[in-house]
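J.:
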Amino acid sequence: MARRENPGILDIAASLLEENPLCDRCLGRQFAWLSTGTSNDQRGHSIKLILSMMADETIKSGAKDEGRKLLAALAGNGAFAPAQTLAEKEELDYEKDKVCCLCTMDGECAFDKIPEIVQRAVKNTKDIEFQTFLAGSIPRPTLAEREDELKGQHDLLYGETLRSNFNREFGKQLAVAFDKTVDFDRPELVVVYDMQNDSVRLQINPLFIYGRYRKMVVGVPQSRWDCTECNGKGCDVCHNTGRRYPDSISEYVSLPIQEAAKGTRFKFHGAGREDVDALMLGTGRPFVVEISEPRVRTLNLSKLEKRIRKKSRKKVEVEGLRLTNRQHLQQLKSESSENVKEYSAIIKTDRELTDEEVERAERELTGIDLAQRTPTRVAHRRSDLTRTKHIYEVRLKKKRSHELEGYFKVQGGTYIKELISGDEGRTVPSVADKVGSACLCTELIVTAIHNLETDHNP
-18 MARRENPGIL DIAASLLEEN PLCDRCLGRQ FAWLSTGTSN DQRGHSIKLI
32 LSMMADETIK SGAKDEGRKL LAALAGNGAF APAQTLAEKE ELDYEKDKVC
82 CLCTMDGECA FDKIPEIVQR AVKNTKDIEF QTFLAGSIPR PTLAEREDEL
132 KGQHDLLYGE TLRSNFNREF GKQLAVAFDK TVDFDRPELV VVYDMQNDSV
182 RLQINPLFIY GRYRKMVVGV PQSRWDCTEC NGKGCDVCHN TGRRYPDSIS
232 EYVSLPIQEA AKGTRFKFHG AGREDVDALM LGTGRPFVVE ISEPRVRTLN
282 LSKLEKRIRK KSRKKVEVEG LRLTNRQHLQ QLKSESSENV KEYSAIIKTD
332 RELTDEEVER AERELTGIDL AQRTPTRVAH RRSDLTRTKH IYEVRLKKKR
382 SHELEGYFKV QGGTYIKELI SGDEGRTVPS VADKVGSACL CTELIVTAIH
432 NLETDHNP
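Heads up: the sequence shown runs through residues -18 to 439, numbered per my numbering.
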């Protein structure tokens, strides 16, 4: 069929079929975004049918060579039964038993393999709990490259890729077999078929659980703390344990959840962290535990709260466990530095202070912004920057000689010990600066954390 200067759908389809073997589906999907609401199979069949009619008309009108050329392409490369019947009447030779160049793998159509692939996926997921899923695929590179070549050669602007078409059909059949819901945004399970390796891969997406923890004893870091002498390998300093501290909040909280969910590993995300020698009381610190590859998603959360308390020997208490999602986790982390936090502290001074000095320090430290350079004690793990933090309220009370009791309500991320001591001028102003005496925090308790997360439900 002669190529026009501005070819239409039929001209392009005829040119495609003259040069390439294409099944109904793969021909139809080259025009998938035109007149939507039908299948690519139907679209391709309709185009071939009209082209067959045109070829028959062309032959009967006297232009036999042109008509027979198109008919041979439809009967051979198109494997179109009506065209093959016409070709036999015309005693026209054409190449038989051709397979589609865009979806055939080892002599078999990729779409025809879907029922068998679905059965493999069902078998592989029988021990995995999930309610939502998404189907995906990795096309053979040769098929993808061939498709790109055709698009470039024939200026195909409205086509659908093999991957897109395959994923849709694969997903439809999986939905029936699984009796589950497709979720394009947050699927619990992703089933991926690799065409090159003929393999089915499962991606079990993480389980996220929100809660709040209280740390009832000092000496427990939030995350695992390896020995700095041997970097966790084991040495005389750590008595071959590889650890500076034997336990952590993250392990006490996360391991029971990981075990119940039959996951492979965990990540603990806290809304900030308290010092290892500080308590975390009050309503607790918000956290999210992320469990990788969970095979169980329905958990008895109240039972887990009790188990965590027992496993930690009452060192850690958790409450308010509930399922959440990655978006809530990201929000929790981003809001951590904006939260309002309350602390109580015991402060040792190097001299006895007067009531007037204590009251003046209270007034001058309440409702101000302080400049706090990264403390010396954490400079090894945090960038050396000067940060501005707001101090909402400070209350100081003489407890006994050389000792104060302090209450601090501050912006998240404020280092309280340094607000008290001044950290050799790295935190300005400070309690020490205002009372004119060296000050040392000897006891610190986080009593409350106020943040926006309580207003959000995933």
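Built from N, CA and C at the ideal position, the CB exists for glycine as well.
Measure the beta-carbon distance from residue 101 to residue 118 and round it to whole angstroms, keeping in mind my assumption that it falls under 8 Å.
T.: Contact doesn't hold; Cβ gap of about 13 Å is too wide.
J.: According to the Cβ coordinates, are residue 425 and residue 351 closer than 8 Å?
T.: Not closer than 8 Å, so no.
J.: To which residues of the same chain is residue 247 closer than 8 Å at the C-beta, ignoring the five residues directly before and after it?
T.: So the qualifying residues of the chain are 231, 235, 236, 238, 239, 270, 271, 272 and 273.
J.: Along the chain, where does the beta strand (DSSP E) that runs through residue 118 open and close?
T.: Run containing residue 118: 113 to 119, per the beta strand (DSSP E) assignment.
J.: With C-beta atoms as the reference, is residue 417 less than 8 Å away from residue 318?
T.: No. Outside cutoff.
J.: I'd like to check one pair, residue 379 with residue 339: are the Cβ atoms closer than 8 Å?
T.: Yes, the pair counts as a contact, with Cβ atoms nearer than the cut-off.
J.: Could you give the residue range of the alpha helix (DSSP H) that holds residue 7?
T.: Element bounds for residue 7: 5 to 9.
J.: Indicate the three-state DSSP secondary structure (helix, strand or coil) for residue 323 in the structure shown.
T.: Strand.
J.: Residue ranges of each alpha helix (DSSP H) run of no fewer than 4 residues wholly in the region -10 to 51, ordered along the chain?
T.: As far as the region -10 to 51 is concerned, its whole alpha helix (DSSP H) runs of at least 4 residues are -10 to 0, 5 to 9 and 21 to 41.
J.: Starting from the N-terminal side, write out each stretch of the beta strand (DSSP E) that is 3 residues or longer and does not extend beyond the region 227 to 282.
T.: You should have 246 to 251 and 259 to 273.
J.: Out of curiosity, what's the CA-to-CA distance linking residue 430 and residue 310?
T.: Those two C-alpha atoms are separated by around 16 Å.
J.: Got a sec? Which residues, its chain only, sit under 6 Å from residue 298 by beta carbon, not counting five neighbours each side?
T.: Hits under 6 Å: 195 and 290.
J.: Please give me, in chain order, every unbroken run of the beta strand (DSSP E) with length at least 3 that falls completely inside the region 91 to 178.
T.: Those beta strand (DSSP E) runs which fall completely within the region 91 to 178 and span 3+ residues are 113 to 119 and 170 to 175.
J.: Distance, Cα to Cα, residue 335 vs residue 193?
T.: Between residue 335 and residue 193, the C-alpha separation is close to 40 Å.
J.: Return the residue from the list 105, 80 and 104 that minimises the CA-CA distance to residue 93.
T.: It is 80.
J.: Comparing alpha-carbon positions, which option in 423, 292, 280 and 313 lies nearest residue 253?
T.: The shortest C-alpha separation from residue 253 is found at 313.
J.: What does the alpha-carbon distance come out to for the pair residue 382 and residue 167?
T.: Straight-line Cα distance between these residues: approximately 59 Å.
J.: Determine the contact status of residue 113 and residue 164, defining contact as a CB-CB distance below 8 Å.
T.: Going by C-beta atoms, residue 113 is nearer than 8 Å to residue 164.
J.: Can you tell me the Cα-Cα spacing of residue 277 and residue 305, whole angstroms?
T.: Computed Cα separation, rounded: 15 Å.
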